[in-house]
Amino acid sequence: MKMKDNLDSFLSEPYHIINSIFAGIIMLIFIYSGIFSAEKNNHPIKSSCAEIQGHPCKSEGLSRSFSEIVRLRFDTAKFYNENGIRV
Numbered sequence: 014m015k016m017k018d019n020l021d022s023f024l025s026e027p028y029h030i031i032n033s034i035f036a037g038i039i040m041l042i043f044i045y046s047g048i049f050s051a052e053k054n055n056h057p058i059k060s061s062c063a064e065i066q067g068h069p070c071k072s073e074g075l076s077r078s079f080s081e082i083v084r085l086r087f088d089t090a091k092f093y094n095e096n097g098i099r100v
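Residue 14 is where the sequence shown starts when you use the working numbering, and the numbers rise one by one after that.
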């Protein structure tokens, strides 16, 4: 019963709810980047920026870059997107 009371008091604060949502989103990004690799080029979400605008955009290769950052391959990450490490 005490654990339920602690959880209820934790979730009664909007600050805790918002932070929990942000933490969940960040965890999902890390899981996505850990599952899909730049080597296999198997990211299910493709960049449509180049197709729409007709030229490469600054965010092209960012998913592959972040996947390499998660694996601590910073040189390769910079190859995919030079702004990836800064983001």
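Ideal Cβ placement from N, Cα and C applies to all residues, glycine included.
- Take residue 29, set aside five residues on each side of it, and the residues of its chain with a beta-carbon closer than 6 Å to its own are 23, in chain order.
- Pairing residue 43 with residue 100 gives a Cβ-Cβ distance that is not under 8 Å.
- The Cβ atoms of residue 46 and residue 79 sit closer than 8 Å to each other.
- By the neighbour-count criterion, in which 16 or more other beta carbons inside 10 Å mark a residue as buried, residue 95 falls on the exposed side.
- Within its own chain, the residues whose Cβ lies closer than 8 Å to the Cβ of residue 74, once the five positions on either side in sequence are excluded, are 60, 93, 94 and 97, listed in chain order.
- Per DSSP, residue 61 is not a residue of any alpha helix (DSSP H), being assigned neither H nor E.
- By the C-beta density criterion, residue 26 is exposed, having fewer than 16 other C-beta atoms within 10 angstroms.
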